[in-house]
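Listed in order, the protein sequences are those of chains A and B.
No gaps in the numbering here: position 203 of the first sequence is 203 in UniProt numbering, and each next residue is one more.
No gaps in the numbering here: position 17 of the second sequence is 17 in UniProt numbering, and each next residue is one more.
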Amino acid sequence: MRDWTKQRTERTARLKGAMPLATGKIVKAEQVTELLGHLIKSGDRVCLEGDNQKQADFLARCLTQVDPAAIHDLHIVQSGLVLTEHLDLFRLGIARKLDFSYSGPQSGAIARALDQGKIELGAIHTYIELFARYSVDLTPNVALIAAVSADREGNLYTGPNTEDTPTIVEATAFKSGIVIAQVNEIVDKVPRVDIPGDQIDFVVEAPEPFYVEPLFTRDPGAVTESQILMAMMALKGIYAEYQPKRLNHGIGFATAAIELLLPTFGEKLGLRGKVATHWALNPHPTLIPAIESGWVEQIHCFGSEVGMDQYMSARPDIYFIGKDGTLRSNRLLCQNAGLYASDMFIGSTLQIDLAGNSSTVTPDRIAGFGGAPNMGSDAHGRRHVSDAWLKAGREAAGHSGLLVRGRKLVVQMVETFGEGMKPAFVEELDSIALAKKLGMELAPVMIFGDDVTHIITEEGIANLLLCRNADEVEQAIRGVAGYTPVGMARDRVRVEELRARGVIRRPEDLDIEPLEASRNLLAARSIRDLVTWSGGLYVPPSKFRNW
Amino acid sequence: MIPEEIIHQPSWYESSARARIVGLLDTDTFAEILGPADRVMSPHLDLFDLPPAFDDGMIIGRGKLAGRAVAVAAQEGQFMGGTFAEVSGAKLVGLLRAVTAAVGTASAVTSVLLLLDTGGVRLQEANAGEMAVSEIIRAVLDTRRAGVPVIALIGGRAGAFGGGGIVTACCSHVVISEQGRISVTGPEVIETNQGAEEFDSRDRALVWRITGGRSRVLLGGADSYVKGDIAGFREMAIRVHNTVPAFSPETMMMEQDRLKKRLEFYGDCTDTPEIWSRAGLSDPDKIYEIDDDAFLALLSQKGSRS
């Protein structure tokens with residue numbers, strides 16, 4: 001007779017070992033490392049909550065202090081691997097295998113650890129891909145998570161930075177796993193219940209509040225005129241023509257420029273109410289002027305942003321706000337919205353090849369993907385229509401008809417030369433060489449060329465939907481690649497033919513005078529201006545101030 | 001609608017040194033001395049593989065302000081941090097000496113406007129830069145002694161640091177905006193030498209609380225506070241033209257006395273809100289959050305000197 005309850009029995013046994021360390025569900029900070037010793041066994045799949053922004057940093061520190069002789073070969077399954085403690089687990093021999101999405105500041109350290117054989121890499125996922133696997137074959141045995149506050153029953157308030165927590169807890173708690181939460185404070189009553197207490201096994205008040213990094217704040221003061229020119233082309237050549245109402249913006253300065261041009265240049269084009277009304281978007285401070293000018297109907301957020309909480313609380317018609325009055329974000333749901341319910345993704349990248357594949361990989365760094373590949377891909381499963389989606393589909397098909405499928409607009413904005421005058425256009429992506437070096441079977445590509453519909457540079461817009469073969473795609477890309485070697489190697493005659501067909505459009509073809517691309521067009525030229533627009537509700541972190 | 005406070009006139013902070021001069025002076029009156037066409041460039045930067053600038057980041061010349069002849073010098077903070085070096089320093093010293101020499105002649109000017117925007121001495125030519133700063137200080141004082149006021153206008157991205165802070169303090173009158181900063185040792189240098197516990201240069205609110213325009217004008221390190229647009233600087237430069245104190249021993253004694261008292265009253269404070277609170281300002285923590293109009297109202301209540 002097969003035992004059908006082995007996981008439950010195992011869970012009960014581990015909890016029993018840990019019970020003396022807890023008062024109810026509450027554990028003292030100094031006893032957490034010992035607690036983990038009872039709850040985690042070698043070979044476990046562990047999620048050590050590392051989101052795009054919120055980090056269970058205290059629990060991470062405790063996990064690095066367990067005895068590697070007793071606990072080893074852990075399989076880390078988490079979206080963000082961004083703290084040095086995350087890498088320490090592998091260096092100390094506590095963890096061996098890794099499945100993740102995004103690494104940001106640890107991208108160099110991960111590449112080195114891989115090279116030295118310290119990490120056995122499963123795969124680099126997109127966010128929803130990893131979350132999907134939580135429910136299928138990467139279900140955590142133990143989840144170490146972070147919340148703002150908890151009551152004594154373990155009910156959690158995760159607040160504006162809810163992010164990945166509900167997804168992690170759901171997968172762990174309902175599959176006989178164990179969930180431990182670090183909280184900033186234990187209270188009598190939480191402002192709202194984001195995670196019900198019966199899904200939480202232990203709660204610890206961390207000595208310091210969990211760490212949150214402001215990731216989406218772009219200082220309007222650093223927006224360049226060339227980014228403004230690209231933003232003007234985007235508004236006139238794409239927003240005005242396809243009229244995408246539902247969209248996601250990347251976090252670069254070029255899209256920040258678009259956000260800051262909506263109330264000025266966009267208003268002049270008469271686009272208010274016709275485009276960019278519904279968003280899957282992090283709380284970008286640079287969108288405040290457009291919101292205040294009545295452009296935006298609603299925004300669903302992946303996470304929060306430092307300094308934006310008061311502003312969002314005061315705009316519940318725009319943001320998703322709990323009955324307690326603070327934002328509720330949810331990365332899984334928002335990524336899903338970006339994949340299926342958006343007509344356009346527009347964002348920056350570092351490198352584009354001749355087929356339009358793009359990558360943010362630089363030599364010796366594995367930054368991972370985050371969510372851009374889902375936002376920046378056509379959702380083949382999509383069935384509902386919109387004007388923007390249909391127009392893009394018709395352009396791709398070359399005709400209209402009963403069974404012409406729509407297309408998501410996937411727009412890449414890139415200056416022909418990036419940081420350090422490195423050409424953004426290349427014959428071969430750096431990620432190919434990196435994959436070869438590290439023996440990866442699939443080179444990390446952020447957005448595949450067959451999903452890209454437009455590329456915008458300061459030289460013009462290439463509309464890849466109108467290209468009929470790989471050769472045309474290559475010349476269309478060379479035709480906007482400026483003075484990079486890729487751009488210099490263009491076939492001038494073919495490029496002029498593409499321009500005559502409207503595949504390539506220069507600023508003058510769009511009736512845009514490059515000299516008019518001035519910072520005076522920005523609705524806000526400084527962080528201080530954003531504070532003014534918000535009526536003092538936006539409280540920027542100190543590192544962005546110049547007053 | 002764009003809030004009225006977000007002025008879309010050219011801002012001083014955002015503009016280049018040349019745009020500041022053009023906006024400051026009467027239309028079409030600026031005559032540059034040793035302009036870019038003369039190609040007087042740094043002989044040192046090439047050694048460091050650094051590109052020089054045709055004007056070495058120092059623009060000097062003569063023009064008119066509300067019809068009166070003035071001399072003007074502006075540093076381009078975006079070129080090598082607006083630094084004092086062999087050429088840039090010599091240009092400013094030369095301008096000041098020419099002003100002093102011209103007193104009583106047909107080419108006399110009524111004041112000198114210094115549009116400083118500088119991190120201090122250019123490290124790549126530090127000896128020449130240090131000497132330039134000393135010569136500039138001497139030349140500023142000689143100019144003032146000859147009866148020509150020297151007015152500093154501070155509101156650029158680089159602030160007025162290092163020798164720039166000292167030169168500013170030697171001027172007859174200092175006009176500053178919220179973004180403007182005046183100090184000697186820069187925040188990053190303090191942090192490098194004394195640690196982030198002493199001064200966290202990334203805590204920009206702290207940097208501005210200590211060195212920024214509002215604190216400087218409240219403490220008397222600057223004399224007039226303006227909103228950040230170029231027109232505001234122009235208006236104030238015209239207004240202060242005749243109100244600067246005489247360059248006399250009495251003025252120096254009064255200033256010495258003021259500084260002594262300031263040290264007595266506030267010497268043990270570790271941050272500026274402590275000073276404001278001790279000085280009896282209401283809402284000391286709000287000083288940096290209120291808008292320019294509210295701050296100007298507070299200044300006029302209090303009188304600009306403390």
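Beta carbons are placed, not taken as given, at the ideal position from N, Cα and C, and that holds for glycine.
Values in this document were obtained by computation on a predicted structure and should not be read as measured data.
1) So, for Ile180 of chain A: in the same chain, excluding its five sequence neighbours on each side, which residues have a beta-carbon less than 6 Å away from its beta-carbon?
2) Report the CB separation of Cys171 of chain B from Leu114 of chain B in whole angstroms; it is logged as a contact under 8 Å.
3) Would you list the residues sitting across from Arg68 of chain B in a DSSP beta bridge?
4) Run down chain B in chain order and give the residues with a C-beta less than 8 Å from the C-beta of Arg272 of chain A.
5) To the nearest angstrom, how far is the alpha carbon of Asp51 of chain A from that of Thr243 of chain B?
6) Given that a residue counts as buried once 16 or more other Cβ atoms are within 10 Å of its Cβ, and exposed if not, what is Met232 of chain A?
7) Counting only Cβ pairs nearer than 7 Å, list the residues of chain B close to Asn546 of chain A.
8) Going by Cα to Cα distance, which pick from B:Leu96, B:Ser277 and B:Arg39 is closest to Val167 of chain B?
9) Relative to the C-alpha of Arg144 of chain B, which candidate in B:Phe265, B:Ser248, B:Gln301 and B:Asp291 has its C-alpha closest?
10) Taking CB distances under 8 Å as the criterion, tell me whether residue 548 of chain A reaches chain B.
11) Could you list the residues in the stretch 504 to 531 of chain A with a C-beta less than 7 Å from some C-beta on chain B, going in chain order?
12) How is Met1 of chain A classed by DSSP in three states: helix, strand or coil?
13) Take Thr453 of chain A as the anchor and find which of A:Leu466, A:His125, A:Thr277 and A:Gly370 has the nearest alpha-carbon.
14) Please state the DSSP three-state secondary structure of Ser306 of chain B.
15) State yes or no: is the beta carbon of Thr162 of chain A nearer than 8 Å to at least one beta carbon in chain B?
16) Near Ala222 of chain A, what residues of its chain come up, given a Cβ to Cβ distance below 8 Å and the 5 sequence neighbours on each side ignored?
17) Using 8 Å as the Cβ pair cut-off and three pairs as the minimum, do the stretch 174 to 184 of chain B and the stretch 208 to 226 of chain B touch?
18) When the distance is taken between beta carbons, is Thr217 of chain A closer than 8 Å to Glu49 of chain A?
19) Output, in chain order, the set of chain B residues within a Cβ distance shorter than 8 Å of Ser542 of chain A.
20) Under 8 Å between C-beta atoms, does Pro273 of chain B make it to chain A?
21) I want to verify the contact list: residues of chain A whose CB lies under 7 Å from the CB of Pro3 of chain B, in sequence order.
22) What is the residue span of the beta strand (DSSP E) that Ala177 of chain B lies within?
23) Can you round the beta-carbon distance between Pro541 of chain A and Gly270 of chain A to whole angstroms, since I take them to be within the 8 Å contact cut?
24) Could you pull out every unbroken beta strand (DSSP E) segment of at least 3 residues lying fully inside the stretch 106 to 143 of chain B, listed in chain order?
25) With respect to the beta strand (DSSP E) encompassing His278 of chain A, which residues constitute its N-terminal and C-terminal limits?
26) Let me see if you follow: with CB-CB separation under 8 Å, is Tyr288 of chain B close to chain A or not?
27) Nearest CA to the CA of Leu45 of chain B: which residue from B:Tyr13, B:Met80 and B:Val150?
28) Out of A:Ser103, A:Phe302, A:Arg407 and A:Ala234, which has the shortest C-alpha to C-alpha gap to Ile346 of chain A?
29) Taking only the alpha-carbon atoms, compute the straight-line gap between Gly273 of chain A and Ala196 of chain B and give it to the nearest angstrom.
30) Using the beta-carbon of each residue, which ones in chain A are nearer than 9 Å to Gly212 of chain B?
31) Let me make sure I understand the geometry here. Which of B:Leu25, B:Ile190, B:Trp276 and B:Phe48 has the alpha-carbon closest to that of Ala231 of chain B?
32) Please report how far the alpha carbon of Pro68 of chain A lies from the alpha carbon of Leu92 of chain A, in whole angstroms.
33) Is Leu113 of chain B close to chain E, meaning its C-beta is less than 8 Å from at least one C-beta of that chain?
34) Let me know the secondary structure DSSP gives Met58 of chain B once reduced to three states.
35) Could you check the C-alpha separation between Val87 of chain B and Pro316 of chain A for me, to the nearest Å?
Reading it off the structure:
1) Excluding positions up to five away in sequence, the list reads Leu144 and Phe202.
2) 6 Å
3) B:Leu65
4) Listed along chain B is no residue with a C-beta nearer than 8 Å to that of Arg272 of chain A; the closest approach is about 12 Å.
5) 59 Å
6) Counting Cβ neighbours within 10 Å, Met232 of chain A comes out buried, since at least 16 surround it.
7) Gln179, Arg204 and Trp208
8) Looking only at B:Leu96, B:Ser277 and B:Arg39, the smallest Cα-Cα distance to Val167 of chain B is reached by B:Leu96.
9) B:Ser248
10) Residue 548 of chain A cannot be examined here, being either before or after the span of chain A that is shown, 1 to 547.
11) Only Arg519, Asn520, Ala523, Ala524, Arg525 and Asp529 from the stretch 504 to 531 of chain A bring a Cβ to less than 7 Å from some Cβ of chain B.
12) In the displayed model, Met1 of chain A falls within coil according to three-state DSSP, outside both helix and strand.
13) Measuring from the Cα of Thr453 of chain A, the nearest candidate turns out to be A:Leu466.
14) The predicted model places Ser306 of chain B with a pLDDT of 42, which falls under 50 and marks its position as unreliable; any figure quoted below should be read in that light. Note: Ser306 of chain B maps to coil in three-state DSSP.
15) no
16) Phe253
17) yes
18) no
19) Arg202, Asp203, Arg204, Ala205 and Leu206
20) no
21) Within chain A, the residues near Pro3 of chain B are Thr532 and Trp533.
22) Just to set this straight, residue 177 of chain B is Ser in the shown sequence, not Ala. Run containing Ser177 of chain B: His173 to Ser177, per the beta strand (DSSP E) assignment.
23) The Cβ separation is near 36 Å, so there is no contact.
24) 111 to 115
25) Segment His278 to Ala280, the beta strand (DSSP E) holding His278 of chain A.
26) yes
27) B:Met80
28) The option with the nearest alpha carbon to Ile346 of chain A is A:Ala234.
29) 48 Å
30) Asn546 and Trp547
31) B:Leu25
32) About 7 Å.
33) Absent from the structure is chain E; the protein chains it does hold are A and B.
34) strand
35) Val87 of chain B and Pro316 of chain A have their alpha carbons spaced roughly 58 Å apart.
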